[in-house]
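Written out below as structure tokens is the structure these notes cover.
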Amino acid sequence: MKNSTQIEPTNGYPGSFLESIHRDPSCKWCKHPEQPLYSAGFCRHCYRINRDVSKLESQIQERKRHKQSLSSYVLFRLKTARKMVYLAKAEGANYGNIHKKNVAGSNLELQFSQVSKALIRKDLYDGNTANVFDWSFSPDQKRLIYYLLSRVIRHRERSARRSIAMALASRERGRE
Ligand SMILES: [Zn+2]
3 MKNSTQIEPT NGYPGSFLES IHRDPSCKWC KHPEQPLYSA GFCRHCYRIN
53 RDVSKLESQI QERKRHKQSL SSYVLFRLKT ARKMVYLAKA EGANYGNIHK
103 KNVAGSNLEL QFSQVSKALI RKDLYDGNTA NVFDWSFSPD QKRLIYYLLS
153 RVIRHRERSA RRSIAMALAS RERGRE
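According to this note's numbering, the sequence shown is numbered sequentially starting from 3.
Here's what the structure looks like:
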């Protein structure tokens, strides 16, 4: 049954919607269009990470200047904070400026795989869905789907950023 108030989709809508949400400047690291700028060109999340790195670096400099020993805990915290910088920038590289990104079916397949693994610990999309996207959706429609799914993936990555960074830092420590 057709709803009389239903508006027919228009080809131009996905592109202009994506343009509109990317109109305002975004955080210089994570480039998240929904995180308002907080200070110094950062959103609040990245601002805190940047502040942590600077604080830890100056603490360490201070101790070095006074020829005091450095605890491995402080060094580990700095390494973790730097990993968080790396992850925030990687978020920006993966999901920033989606309106200008060339989104392929394989990018969408990867996103669906991530969501599938997070929900059911099993990948139902691996290697079998990229063509379905490429053969069904226009470039702007693929960008829009990518953007909509990226919101939940980014939320999850941001919430887990510190623990992911700690895992990366301790993996490196194991190799040193
Ligand atoms: Zn940010």
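Where is the CB? At the ideal position from N, CA and C, for every residue including glycine.
Residues near residue i in its chain [Cβ-Cβ closer than 7 Å; skip 5 each side]
i, result
"Ala-42", "Tyr-49"
"Tyr-148", "Ile-100, Val-105, Asn-109, Leu-110, Gln-113"
"Met-86", "Ile-51, Arg-163, Arg-164, Ala-167"
"Ala-171", "Phe-78, Lys-81, Thr-82, Lys-85"
"Ser-74", "none"
Endpoints, alpha helix (DSSP H) assigned at residue i
i, result
"Glu-21", "15-23"
"Gln-119", "Reading the sequence as shown, one finds Lys at residue 119 and not Gln. Note, Lys-119: alpha helix (DSSP H), 107-122."
"Tyr-88", "74-97"
"Ser-152", "141-161"
"Phe-135", "132-138"
"Leu-58", "46-67"
Contacts around residue i, its chain only, beta-carbon distance under 6 Å, and the 5 residues preceding and following it disregarded
i, result
"Trp-31", "Cys-48, Ala-90, Lys-91, Gly-94"
"Lys-33", "Gly-94, Gly-98"
"Ala-132", "Gly-107, Ser-108, Glu-111"
"His-1", "There is no way to answer for residue 1, as the model of the chain reaches only from 3 to 178."
Beta-carbon contacts of residue i that lie in its chain and below 8 Å, excluding the five residues immediately before and after
i, result
"Glu-159", "Leu-89, Glu-93, Ile-166"
"Leu-20", "Ile-100, His-101, Asp-142, Arg-145, Leu-146, Tyr-149"
"Val-117", "Leu-151, Val-154, Ile-155"
"Gly-129", "Glu-111"
Residue(s) in a DSSP beta bridge with residue i
i, result
"Ser-172", "Note: Ser-172 sits in no beta bridge, so no partner."
"Ser-41", "Phe-44"
Could you tell me whether the stretch 68-87 touches the stretch 161-176, using the rule of 3 or more Cβ pairs below 8 Å? yes
The stretch 133-150 in contact with the stretch 11-24 per 3-pair CB rule at 8 Å: yes
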